[in-house]
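Q:
In this note's numbering, the protein residues as written are 791 to 970.
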């Protein structure tokens, strides 16, 4: 890699990280206002039993990139927990938490993410999200990505829910791959 390409890559990566941090700060501010925001069911909603998933998208990734993020909104009429995710485009798929610790971005895998009845749970850049790692190839804009979400009810029964996500960049933001 020549110097010009290396400098461009470093600048692009830095801007992507700053964008994630900005999303995080904005989300924390909005969350601190308290209360639940009523969400209308979007036209792209996918429903199975008590669960509705909407706004499902995956960030594009070049063939050389090892990881990308997935984002969506989940609503349920019952108490559930998101306990897993899988996809044919990656060898590893996990539910992740992202939070800022001072000026340092911290990420970790979540074993379960609780979903309260009637409240929208948004997996989004700069917050909780899906992490698709060990990608099997490029993930290109316009492509449909199959995701399988695994939910658990309080009684221990499980619900597998197939979801189609569109590969796109976030509105108004750089669309580089989310990386750890």
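Note that beta-carbon positions come from the ideal geometry of N, C-alpha and C, so glycine has one too.
Express the C-alpha separation of residue 847 and residue 931 in angstroms, rounding to a whole number.
A: Position 141 of the chain shown, counted from the first residue, corresponds to residue 931. Position 57 of the chain shown, counted from the first residue, corresponds to residue 847. Roughly 10 Å between the two C-alpha positions.
Q: Sort 940, 854, 959 and 951 by Cα distance to residue 836 and report the nearest one.
A: The count along the chain shown starts at 1 and reaches residue 836 at position 46. For residue 836, the nearest C-alpha among the options comes from 951.
Q: Measure the C-alpha to C-alpha separation of residue 958 and residue 867 and round it to an integer number of angstroms.
A: By one-based count along the chain shown, residue 958 stands at place 168. By one-based count along the chain shown, residue 867 stands at place 77. Each residue's alpha carbon lies about 29 Å from the other.
Q: Can you tell me where the beta strand (DSSP E) holding residue 836 begins and where it ends?
A: The sequence position of residue 836 within the chain shown is 46, counting from 1. Per DSSP, residue 836 belongs to the beta strand (DSSP E) from 836-838.
Q: Residue 860 lies in the beta strand (DSSP E); which residues open and close that run?
A: Sequence index remark: in the chain shown, residue 860 carries index 70 (1-based). 857-866 is the extent of the beta strand (DSSP E) around residue 860.
Q: Run through DSSP, which three-state label would residue 871 get?
A: One-based indexing of the chain shown puts residue 871 at position 81. If DSSP states are grouped into helix, strand and coil, residue 871 belongs with the strands.
Q: What separation, rounded to the nearest whole angstrom, lies between the Cα atoms of residue 933 and residue 908?
A: Indexing the chain shown from 1 puts residue 933 at position 143. Indexing the chain shown from 1 puts residue 908 at position 118. The alpha-carbon atoms of residue 933 and residue 908 are separated by roughly 31 Å.
Q: What do you reckon, are the CB atoms on residue 921 and residue 871 nearer than 8 Å?
A: If you number the chain shown from 1, residue 921 lands on position 131. If you number the chain shown from 1, residue 871 lands on position 81. Cβ distance not < 8 Å, so residue 921 and residue 871 don't count as in contact.
Q: Compute the distance between the beta-carbons of residue 869 and residue 906, then report whether it is under 8 Å.
A: By 1-based counting over the chain shown, the position of residue 869 is 79. By 1-based counting over the chain shown, the position of residue 906 is 116. It is a contact, given that the beta carbons lie within the stated cut-off.
Q: Could you tell me the distance, in whole angstroms, from the CA atom of residue 927 to the CA atom of residue 879?
A: If you number the chain shown from 1, residue 927 lands on position 137. If you number the chain shown from 1, residue 879 lands on position 89. Answer to the nearest angstrom: the Cα atoms are 7 Å apart.
Q: Can you tell which of 864, 873 and 850 has the C-alpha that lies nearest to the C-alpha of residue 947?
A: Position 157 of the chain shown, counted from the first residue, corresponds to residue 947. Of the listed residues, the one whose Cα sits closest to residue 947 is 873.
Q: Which residues in the same chain as residue 896 place their Cβ atom closer than 6 Å to its Cβ, once the five residues preceding and following it in sequence are excluded?
A: Mapped onto the chain shown, residue 896 falls at position 106. So the qualifying residues of the chain are 889.
Q: So who's on the other strand from residue 934, going by DSSP bridges?
A: Position 144 of the chain shown holds residue 934. According to DSSP, residue 934 bridges with 956.
Q: Would you check if the distance between the CB atom of residue 940 and the CB atom of residue 875 is smaller than 8 Å?
A: Walking along the chain shown from the start, residue 940 turns up at place 150. Walking along the chain shown from the start, residue 875 turns up at place 85. Their beta carbons are under 8 Å apart, which means residue 940 touches residue 875 by this criterion.
Q: Are residue 912 and residue 863 close, meaning C-beta to C-beta below 8 Å?
A: The sequence position of residue 912 within the chain shown is 122, counting from 1. The sequence position of residue 863 within the chain shown is 73, counting from 1. Yes. Within cutoff.
Q: I'd like to know whether the C-beta atoms of residue 955 and residue 935 end up nearer to each other than 8 Å.
A: Indexing the chain shown from 1 puts residue 955 at position 165. Indexing the chain shown from 1 puts residue 935 at position 145. Taking 8 Å as the Cβ cut-off, residue 955 and residue 935 qualify as a contacting pair.
Q: Roughly how many angstroms lie between the CA atoms of residue 840 and residue 949, to the nearest whole one?
A: One-based indexing of the chain shown puts residue 840 at position 50. One-based indexing of the chain shown puts residue 949 at position 159. Going by the C-alpha atoms only, they are around 10 Å apart.
Q: Assuming residue 842 is part of the beta strand (DSSP E), what are its boundary residues?
A: Residue 842 sits at position 52 when you count from the first residue of the chain shown. Residue 842 -> beta strand (DSSP E) spans 841-848.
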